[in-house]
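Peer 1: Right, I'll just put the structure down here and ask away after.
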Amino acid sequence: MFRKSTALTLLGFGIFLSIMILVFPPVPSFNYDFEQFFPQDDPDLAFYQQYEKDFESDNDYLLIALQNPSGSLTSIDFLKKSDLLKKEISNLDGVDTLISILDLEMPVIGLFGISFNKVLDWESAENLEYSGPALKQFEGSLISKDGQSLLFLIRNNPKLSKEQGDTLYHQIKEVFLQSELKPLAVAGKIQTQGDFVTLMQEEFSLFLGASLVLILVMLVLIFRTWWGVLVPVLVLSIGIFWAFSVILYSGKSLDIMSVMQPTIFLIVGLSALVHYFTHLIKKIRIGKGKEEAVYETFRELTFAVSLTIFTTAVGFFSLYFTSIPALKAFGLWTAIGILVLFFGLIVITPGLLYLFPITKAKAFQKPASLFWQRLFSWIILKRKLVLYTFLGITLLSLFFGLQLKVNGYLLDNLPLDHPIQEDFAFFDEQFGGSNPLEIYLSTGDSANSLFDYAVLREIEKLETKLTESFGERQLISPVSLVKSLNQAQNRGSIAAYSFPSQGQFLRMSRYFDQILKLDGPKVISSNQKTGRISGRVGDLGSLEMGNKRGEFLQFVKKEIDPNLLNVRWTGTAFLIDHGHESLTRQMFQGLLFAFVVVGIVAGFLFRSWRLSFILLIPNVIPLVWMLGLMYLLGIEFKLTTSILFTVAFGIAVDDSIHFMTKLKTELDRGKNLLYAIKRTFMEAGRAIMLTSVILVAGFALLSFSQFGVTHFTGLLISFTLIFALLADLFLLPLLLFPLKKVWDKKTESRSKD
């Protein structure tokens, strides 16, 4: 396959394939779908999807805070301008409702039934002054806690596509550009997904360019020949072009996870090429002709390199066994992309090497051999120190790792000083929160309606408990409707916004049907059997939120009569918290899959379960050390960190496989085990060091990303690869020495046969 004629034919095929892709190019599209991070096997997701149909989505909203730049919130001029903005935004396509204090009306029950009075009346200064006390009721919900800003709560059509959401948000910004008023803070889905995609596009281009520069620098430093730079750049450029073409032809949009793929493809491909080129340079240096050197290099190394590519792809593919669609797609398409890249490498590289004149490289002078020989001798002499050091660090890391908690935030992927983070924090502080809180209610067997007085008493208990847990905040529920009616019976008095006595309740019951027909958030079904408690809370993190949720559900179990009321927590924020927790558990399933595959590969290669087990040890230890590092750096388990263990294992095991395949080659030549280990260490050690440096440098580049998932991938995998290099060079040879007796017996039995 790697003879000159075949290689040139394959090169011609590769050029033809590239031309066809250029003639019929795939169309790239970028997307950030928040719901792609929901665990799909979670029964709570199916429940929420039905809940969303019965009531409304809790995530299709945009919060806008307005502040008077030149005076009081209750300035008539400011309120008129705000009202004009409200009307323009309400008329935009895609806006379902816009709730604000500007047109909020409260019911008043008089002799002639229910009438409605505006909470805020700015027709005159006198009316505005009279309205002032009523605003206190809405501080922390439609008015900021400091009384300096008002809220536009815009509910957009839940069926809006990503493109339609972008259009709507752009139109809202245009409305503000034409106004004298500017938003003080903005937070919501259509804003966040648009800003995420913009940042993602910038980072995709940035890391693709930075990765190419990094590769050029690494190639110049390693090979110091023009062909040693030009050929890899051409091969990797074409290979990545093919990989992304396959991804885009499939209809897959580029998302937040795709930011990492250019760097991953480049460094994985480069590490494979380094093995080929160092072997090729060695053969040329000892006097072999170019054609013979190229043929022998690819014939001898392709099996070992293909194994490392396969295990790397397995590390990513193991993410397919998670229940998070975004991670499943990332794992699957990154694995496919790596295989396509390797296919391109095999198709193109030999032909280019046959075409280009190859000169001897200046790299890898003999003094380096002395370093490796001394290092090997030191490891043998200090083997007890090495073994005890690895054991001690591993046990310590395991202890620290057991202290780690699962804790994720909604905006984990953004830096803390990002404007989106600051805006969300503002709403958390001034308006009760930016995260939806949704609790489903249904009648028990002994109740006829959520408007039964006894049932409402139970719901009030729930709201009291929520207030204890999260502080005072505006909640909408069947109880809030009843409190509003009680207030209406008392001429709109703020003090009367309270749970009614039984007599007051009986007087207001005639108005229930009328109040349910009013526009506004739906809190109870038409048959009055199901309903909701809805509000907003701050982003406390999945750990603290999980603790509060657990306390609340324990309260429900002890204090709420199930014959009257059934309660279930739901909502998108709840599902995201489940994603953090479930993915951490699924990480071990992915690791088990990767362990089994690598074990089978090693067993097939060496025909020995002992060697399979030994191969896993120096690749499990770096993962344990990563746990200790996470503890020391204060990094917790979450969506952005749990995935890294399987990915790191798939990449780190490559060096062990190179070491073991080289060892097998030495043993097949009839050398005894101890000498074979030494020769393997001397020769494979250099290539392992080089590829590790390339991988660490490449992944370290990702640590400069503003996205949390990309940053943590770069930071933690870089350190894990360093740990893996130490384990392969210092620990793996020592683990192999005890197998001498076993290997000698196998050799003796083979010789007898």
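Residue numbers for the sequence shown follow my numbering, so the first one is 7 and each next one is one higher. C-beta atoms are modelled at their ideal positions from N, C-alpha and C, and glycine is treated no differently. The structure presented is a predicted model; accordingly, all values stated were derived computationally and were not measured.
Out of curiosity, what's the CA-to-CA distance linking residue 120 and residue 541?
Peer 2: Taking the first residue of the sequence shown as position 1, residue 120 is located at position 114. Taking the first residue of the sequence shown as position 1, residue 541 is located at position 535. Between residue 120 and residue 541, the C-alpha separation is close to 26 Å.
Peer 1: Three or more C-beta pairs closer than 8 Å, one from the region 695 to 702 and one from the region 728 to 747: is that the case here?
Peer 2: The region 695 to 702, when compared against the region 728 to 747, does touch it at the 8 Å Cβ threshold.
Peer 1: Take residue 163 and list the residues in its own chain whose beta-carbon comes closer than 6 Å to its own, dropping the five residues that flank it on each side.
Peer 2: On the sequence shown, residue 163 is found 157 positions in, with the first residue counted as 1. Excluding residues within five positions, the ones whose Cβ falls inside 6 Å are 100, 102.
Peer 1: Within a Cβ cutoff of 7 Å, which residues of the same chain sit near residue 609, ignoring the five residues on either side of it in sequence?
Peer 2: One-based indexing of the sequence shown puts residue 609 at position 603. Cβ within range, chain order: 615, 618.
Peer 1: Could you name each continuous beta strand (DSSP E) segment of 3 residues or more that falls completely within the region 25 to 71, going from the start of the chain to the end?
Peer 2: The region 25 to 71 contains no whole beta strand (DSSP E) run of 3 or more residues.
Peer 1: Could you give the first and the last residue of the continuous alpha helix (DSSP H) run that contains residue 181?
Peer 2: Numbered from 1 along the sequence shown, position 175 holds the residue referred to as residue 181. That run of the alpha helix (DSSP H) goes 168 to 183.
Peer 1: On the three-state DSSP scale, how would you describe residue 492?
Peer 2: Within the sequence shown, numbered from 1, the residue matching residue 492 stands at position 486. Three-state result, residue 492: helix.
Peer 1: Any idea what DSSP makes of residue 7, helix, strand or coil?
Peer 2: As a working note, residue 7 is residue 1 in the sequence shown. Coil at residue 7, not helix or strand.
Peer 1: Assign residue 488 to buried or exposed, taking buried as 16 or more other Cβ atoms, counted over all protein chains shown, within 10 Å of its Cβ.
Peer 2: As a working mapping, residue 488 is identified with position 482 in the sequence shown. Under this definition residue 488 is a buried residue.
Peer 1: With burial defined as no fewer than 16 other Cβ atoms inside 10 Å of the residue's Cβ, what is the status of residue 460: buried or exposed?
Peer 2: Position 454 of the sequence shown, counting from 1, holds the residue named residue 460. With fewer than 16 other Cβ atoms within 10 Å, it is exposed.
Peer 1: When you compare each of 312, 316, 268 to residue 771 by their alpha carbons, which one comes out closest?
Peer 2: Here the chain comprises residues numbered 7 to 759, so residue 771 is not present and cannot be evaluated.
Peer 1: Could you name the residues that DSSP lists as bridge partners for residue 475?
Peer 2: For this step, residue 475 is matched to residue 469 along the sequence shown. In the DSSP output, where bridge partners are listed per residue, residue 475 has none listed.
Peer 1: To test your reading of the DSSP string, which unbroken beta strand (DSSP E) runs of 3 or more residues are found completely within the region 433 to 470?
Peer 2: Taking only runs of at least 3 residues, the beta strand (DSSP E) segments lying wholly in the region 433 to 470 are 441 to 449.
Peer 1: Measuring from the CB of residue 554, is there a heavy atom of the ligand NAD at a distance below 6 Å?
Peer 2: For the structure depicted, the ligand NAD is absent and the ligand set is empty, with no information on it obtainable.
Peer 1: Which one of 639, 337, 302 has the shortest CA to CA distance from residue 318?
Peer 2: Taking the first residue of the sequence shown as 1, we reach residue 318 at position 312. It is 337.
Peer 1: Tell me the rounded alpha-carbon separation between residue 372 and residue 255.
Peer 2: Translated into positions along the sequence shown, residue 372 becomes position 366. Translated into positions along the sequence shown, residue 255 becomes position 249. Any answer about residue 372 is weak, because its pLDDT of 47 lies below 50 and its placement is not dependable; what the coordinates show is given next. About 48 Å.
Peer 1: Within a Cβ cutoff of 7 Å, which residues of the same chain sit near residue 361, ignoring the five residues on either side of it in sequence?
Peer 2: In the sequence shown, counting from the first residue as 1, residue 361 sits at position 355. Nothing listed; no residue qualifies.
Peer 1: Look at the Cβ atom of residue 216, then the Cβ atom of residue 347, and state whether they are nearer than 7 Å.
Peer 2: Here residue 216 is taken as the residue at index 210 of the sequence shown, counted from 1. Here residue 347 is taken as the residue at index 341 of the sequence shown, counted from 1. It is not a contact, given that the beta carbons lie outside the stated cut-off.
Peer 1: Grab me the residues of residue 193's own chain with a C-beta within less than 6 Å of its C-beta, minus the 5 sequence neighbours each way, in chain order.
Peer 2: As a position in the sequence shown, residue 193 is number 187, starting the count at 1. Excluding residues within five positions, the ones whose Cβ falls inside 6 Å are 69, 429, 430, 433, 440.
Peer 1: With C-beta atoms as the reference, is residue 547 less than 7 Å away from residue 415?
Peer 2: Here residue 547 is taken as the residue at index 541 of the sequence shown, counted from 1. Here residue 415 is taken as the residue at index 409 of the sequence shown, counted from 1. The answer is yes: Cβ separation under 7 Å.
Peer 1: According to DSSP, is residue 369 part of a helix, a strand, or is it coil?
Peer 2: As a first step, residue 369 must be located in the sequence shown, where it is residue number 363. Caution is warranted here: a pLDDT of 46 is assigned to residue 369, below 50, making its placement in the model unreliable, and the coordinate value is therefore given only provisionally. DSSP places residue 369 in coil when its eight states are reduced to three.
Peer 1: With distances taken from CA atoms, which of 227, 661, 268 is nearest residue 253?
Peer 2: Residue mapping note: residue 253 aligns to position 247 of the sequence shown, counting from 1. Out of 227, 661, 268, 268 has the C-alpha closest to the C-alpha of residue 253.
Peer 1: So, do the region 444 to 455 and the region 559 to 570 have three or more beta carbon pairs nearer to each other than 8 Å?
Peer 2: They touch, by the three-pair rule.
Peer 1: Based on the DSSP secondary-structure assignment, which residues constitute the bridge partners of residue 702?
Peer 2: Looking up residue 702 in the sequence shown gives position 696. Bridge partners of residue 702: none, in fact.
Peer 1: What is the DSSP secondary structure of residue 569, reduced to helix, strand or coil?
Peer 2: Locating residue 569 in the sequence shown gives position 563, where the first residue counts as 1. Reduced to three states, the DSSP call for residue 569 is coil.
Peer 1: Which class does residue 575 belong to by DSSP, given the choice of helix, strand or coil?
Peer 2: Translated into positions along the sequence shown, residue 575 becomes position 569. Strand at residue 575.
Peer 1: Within its chain, find whatever has a CB closer than 6 Å to the CB of residue 345; leave out the 5 residues flanking it on each side and keep chain order.
Peer 2: Taking the sequence shown and counting its residues from 1, one reaches residue 345 at position 339. The answer, listed in chain order, is 319.
Peer 1: If you run the structure through DSSP and keep just helix, strand and coil, what is residue 12?
Peer 2: By 1-based counting over the sequence shown, the position of residue 12 is 6. Residue 12 falls in the helix class under three-state DSSP.
Peer 1: Should residue 493 go down as buried or exposed, given a rule of 16 or more other Cβ atoms within 10 Å for buried?
Peer 2: If you number the sequence shown from 1, residue 493 lands on position 487. Its Cβ being crowded by 16 or more others within 10 Å, residue 493 is buried.
Peer 1: Give a yes or no on whether the C-beta atoms belonging to residue 327 and residue 42 are separated by under 7 Å.
Peer 2: As a working mapping, residue 327 is identified with position 321 in the sequence shown. As a working mapping, residue 42 is identified with position 36 in the sequence shown. In this structure, residue 42 does not lie closer than 7 Å to residue 327 by Cβ.
Peer 1: Starting from the N-terminal side, write out each stretch of the alpha helix (DSSP H) that is 4 residues or longer and does not extend beyond the region 227 to 310.
Peer 2: Whole alpha helix (DSSP H) segments, 4+ residues: 232 to 255, 267 to 291.
Peer 1: Give every residue of the same chain whose Cβ lies closer than 7 Å to the Cβ of residue 578, excluding the five residues on either side of it in the sequence, and list them in chain order.
Peer 2: The sequence position of residue 578 within the sequence shown is 572, counting from 1. The residues are 64, 65, 442.
Peer 1: Using CA atoms only, rank isn't needed, just tell me which of 704, 396, 497, 179 is closest to residue 763.
Peer 2: The structure shown does not extend to residue 763, since the chain is modelled only from 7 to 759, so the question has no answer here.
Peer 1: How many angstroms separate the CA atom of residue 388 from the CA atom of residue 381?
Peer 2: Residue mapping note: residue 388 aligns to position 382 of the sequence shown, counting from 1. Residue mapping note: residue 381 aligns to position 375 of the sequence shown, counting from 1. Distance between the alpha carbons of residue 388 and residue 381 is about 10 Å.
Peer 1: Within a Cβ cutoff of 7 Å, which residues of the same chain sit near residue 331, ignoring the five residues on either side of it in sequence?
Peer 2: On the sequence shown, residue 331 is found 325 positions in, with the first residue counted as 1. The answer, listed in chain order, is 42, 46.
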